[in-house]
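Residue numbers (this note's numbering): 166 to 301. Every residue, glycine too, gets a C-beta built ideally from N, C-alpha and C. Report on one structure; see the data block that follows.
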């Protein structure tokens, strides 16, 4: 079995109950495995009953085919309330929107696409606040 180095770059920060994820593609399985380890850690740093992700894909936001199924199975196990995708720095926005829309619909995750980080954050804040308003 050949082990490859991760293809892609990842930056992850947390502010409040939002996990900010910037990832430059294209991505291979090793990158996705590293992404999952980082996300598992990040979830321990937020309110696990009400958190969201603001995902900013950069460059070619595409993955190897087996990575998509692997990622769907991973995110199905999570409890994120919403994912906002900021496509402002993506060189493949239509392909990326199609790919991630299919992925998040399959995993039954609330998501939306934006062209600006401010709009993405505003929508994500509203989604998280709606959950807080419902919870007694």
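| Check | Outcome |
| --- | --- |
| Exposure of residue 106, with buried meaning 16 or more beta-carbon neighbours within 10 Å | The displayed coordinates of the chain run from 166 to 301. Any statement about residue 106 would go beyond what the structure contains. |
| CB-CB length for residue 222 against residue 252, believed under 8 Å | 7 Å |
| The segment 245-262 contacting the segment 284-297, beta-carbon criterion three pairs below 8 Å | yes |
| Inter-stretch contact at 8 Å, needing at least 3 Cβ pairs: the segment 271-288 / the segment 231-240 | yes |
| 4-residue-minimum alpha helix (DSSP H) runs that sit fully inside the segment 221-287, ordered along the chain | 230-241 and 258-271 |
| Backbone secondary structure at residue 304 - three-state DSSP | Given that the chain is displayed from residue 166 to residue 301, the structure contains no residue 304 and the question cannot be resolved. |
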